[in-house]
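Working notes for the structure below.
Protein chains in written order, with the numbering used here: chain A, 1 to 421; chain B, 1001 to 1421.
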């Protein structure tokens, strides 16, 4: 069906670009490493006979022309950029896996009705230019061209200049037009598939998230000369809140996750009671109503905790993204494929954002997950068993084949078209 | 007795050097502002008729010659440097207050038996060059000359170069020789005097402190795709420890203070469970045994908290300084003076370190505190009532007069001579 050794060889070759001493990879968007990875990907697509092009955001496409060139295309792909000291699977597996699936289709003499397009989106990770998923967000109308071009990395380099510097600024006319379906294969980045010993995850949607910035204000005092009873220590109060948020999330329902990832104190010196403490909250839930309800519960929890004291608090919403539901029809197609292939599979919700999230705004999107060993990702230990990868790519092969041969395309069940940001 | 208006005028003029828009002052050690402040102090001392000199650490002295030039001198002073956005009283009050006391002695025709020396020590705050109290530490043998000269500020400037740049590198022979007693007047930097409505604090000693760095190691995971039940969140664990340390200190005894002033997480991004959390602990106690006992209790508390989990922790002692006990005889002299002047006074222990702490190693030291309004210091709101300052300076005037006329000097009760660092 597919040639797993060929995929593995390509993954190995790609992993050399930006390789870190401990077996990971650093390939930041629009870096010299990204340029080399992109060139290699284009070369491979051309060797396979695909018709390649680049759009004005640096997104790269490779088309296998279908028999009916007028029909909306079926698209598959992910991204080639990584976080610093990231792994060898996040993103690149979805790109090279789709290439393997399409090359196998060609080798088996399949002439699809619809064209199949591979894609690698620019700056998915958001590790160099914030926010994440700039390339897919831009072509799906989430971000203006001006917004994307003026994104700045932490050294002050602009997205547009860097895109030109690596020679990957293509034409606006090369953006995707009519897309019948989009499929993204990706590692799970969580532990659920491994725990339940499933090889394939059928992703029903992406959890909504709310990012908040909390500030607790107390009073800064000398750490030596202020008795404990007279302190308004913002960090001690923040510590109570952090514990309560964690407990709240644990006890709420299985789908609630809440994380305090960053915390700073002011003045932040060893010998002063911290007058101010700031911390972030990342709260996620797959259900829209529960997302908004949970945000209010968090705010209330903080308010209650601070009310009993002489301190004060503010909660600022940084960014909220509603849950995304992928196409039911594609999920059904994936499930039928897994069943007929006897692949152990599981339906799940992605807690992480992906390019497919934005693609769902313009087409019927779906995602396939393969397990992450120990649930690890965004680190050098990121890994997936090759048996599981094979199950994932074979499923992708069949799903693409079926989607590309549907004369009428996938019936849209997209409930999120109205949710543009 | 003393001329409070003259002191106030000098304090006001000095406060202009490095003045901040909100009424505070930034006068970092060996800065251009420090240079101007030093020159002004030298000018004033010379106008009063004192014999000025500077030592090889930039400590400035001004001597009122006594009748018996061979006797050990009585010394009084503090420091002129401030923290960034500091106040107008910390340090400078002890320097200019001592100048006022000495000028008043001269005006009243007092011819002391012993010489009286004013002093302003270099880099007491440690805000520019760490550690604190470099000038007093150096002349009392706590730090070598090489150590002090090679201290580097956060821009890479060396202590020695900066000392030369402001033209205040004097002679090694100008260091203090035989000192009979050292008195430092300072603001309390805490709330106790104000609460008890006392004008003068008689400082019996300085609390010992232990500075520690704690690291809690868990596991970094994706904040979206890792269920709450599967996390080893280092910050949630650190938050529990921070709360327990605070509770422990509150309930231990009235003299125990413990502060977590700084905290950082790694990777420290909004969308990752923090794999590592580091935080500082500043624990103080005036009793030596209790200091060491408390350090062990803190370590045990952290160990117990982490033992029950899959996380791990390390505790590193950064710096420990034993409690310092000032001269009983000087405390008794101060108390008698306050009583005869009907100044409301209180015995207390300083939670903060001061130059007198190091001076106690070479002589009989004592400190007088005046109240800090709302206990505030190291900030632009730092303030003290002028009535209280007057009580403090009048007390200082009498104490210096008595000490300078004791033919035999103060009997040493220095128990800390063996505690050199």
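Glycine residues also receive a C-beta, built at the ideal position from the N, C-alpha and C atoms.
- Straight-line spacing of the CA atoms in residue 280/A and residue 1323/B works out to 39 angstroms.
- Apart from the 5 residues on each side of it in sequence, residue 311/A sits with its Cβ closer than 7 angstroms to the Cβ of 216, 217, 218, 232, 234, 237 in its chain, given in chain order.
- Contacts between residue 1284/B and chain A, judged by CB atoms closer than 7 angstroms, involve 224 in chain order.
- Distance from the Cα of residue 221/A is smallest, within the candidate group 1137/B, 1319/B, 1380/B, 1241/B, for 1380/B.
- DSSP, reduced to helix, strand and coil, places residue 177/A outside both helices and strands of the structure shown, so it counts as coil.
- In this structure, residue 242/A sits away from residue 1265/B, with a CB-CB distance that is not shorter than 8 angstroms.
- A buried status is given to residue 180/A, since no fewer than 16 other beta-carbon atoms sit within 10 Å of its beta-carbon.
- Short of 8 angstroms from the beta carbon of residue 406/A, and not among the five residues preceding or following it, lie these beta carbons of its own chain, in chain order: 113, 114, 180.
- The continuous beta strand (DSSP E) containing residue 1213/B extends over residues 1208-1217.
- In this chain, residue 1252/B is not harboured by any beta strand (DSSP E); it is covered by the alpha helix (DSSP H) spanning 1234-1252.
- Rounded to the nearest angstrom, the Cβ distance from residue 1163/B to residue 1169/B is 5 angstroms, consistent with a contact under 8 angstroms.
- Under the Cβ criterion of 8 angstroms, residue 373/A is not counted among the residues facing chain B.
- Interface with chain B (8 angstroms Cβ-Cβ cutoff): residue 235/A is included.
- Residue ranges of uninterrupted alpha helix (DSSP H) with 4 or more members, entirely inside the region 275-343 of chain A and ordered along the chain, are 288-307, 328-341.
- As for any alpha helix (DSSP H) of minimum length 4 sitting wholly inside the region 26-72 of chain A, the runs are 32-48, ordered along the chain.
- Under the Cβ criterion (8 angstroms, minimum of three pairs), the region 1265-1274 of chain B does not count as touching the region 1302-1321 of chain B.
- The alpha carbon of residue 1033/B has as its nearest neighbour, out of 1378/B, 1166/B, 1210/B, the alpha carbon of 1166/B.
- Here DSSP, grouped into helix, strand and coil, assigns residue 155/A to coil.
- In the three-state scheme derived from DSSP, where H, G and I count as helix and E and B as strand, residue 1143/B is classed as coil.
- When only Cα atoms are considered, residue 1140/B and residue 1361/B end up about 7 angstroms apart.
- Contact annotation: in the region 1159-1183 of chain B, no residue has its CB less than 9 angstroms from a CB in chain A.
- Residue 1319/B counts as exposed, since fewer than 16 other C-beta atoms from the protein chains shown sit within 10 angstroms of its C-beta.
- Taking 8 angstroms as the upper bound on Cβ-Cβ separation, chain A lies near residues 1226, 1227, 1228, 1229, 1230, 1233, 1235, 1236, 1238, 1239, 1240, 1242, 1243, 1246, 1249, 1250, 1254, 1256, 1257, 1258, 1259, 1260 of the region 1226-1260 of chain B.
- Separation of residue 1022/B and residue 1376/B (C-alpha to C-alpha, rounded to the nearest whole angstrom) is 15 angstroms.
- Taking C-beta atoms as the reference points, residue 1007/B and residue 1041/B fail to come closer than 8 angstroms.
- When the Cα atoms are used, residue 229/A and residue 240/A turn out to be separated by approximately 17 angstroms.
- Residues of chain B whose Cβ lies closer than 8 angstroms to the Cβ of residue 129/A do not exist, since the nearest Cβ in that chain is about 15 angstroms away.
- For the pair residue 383/A and residue 258/A, the Cα-to-Cα distance works out to about 25 angstroms.
- Here residue 223/A is near residue 1261/B, since their CB atoms are less than 8 angstroms apart.
- Residue 1187/B sits away from residue 1400/B, with the two beta carbons spaced by 8 angstroms or more.
- Put simply, of 1315/B, 1347/B, 1209/B the residue whose alpha carbon is nearest the alpha carbon of residue 1330/B is 1347/B.
- For residue 1365/B, the closest of 1084/B, 1206/B, 1060/B, 1092/B by C-alpha to C-alpha distance is 1206/B.
- If you check the CB distance, residue 1354/B and residue 1208/B do not come in under 8 angstroms.
- Residue 1188/B reaches chain A at 225, counting residues in chain order whose Cβ is nearer than 7 angstroms.
- In this chain, the beta strand (DSSP E) harbouring residue 1265/B covers 1263-1266.
- The DSSP-derived three-state label of residue 1100/B is helix.
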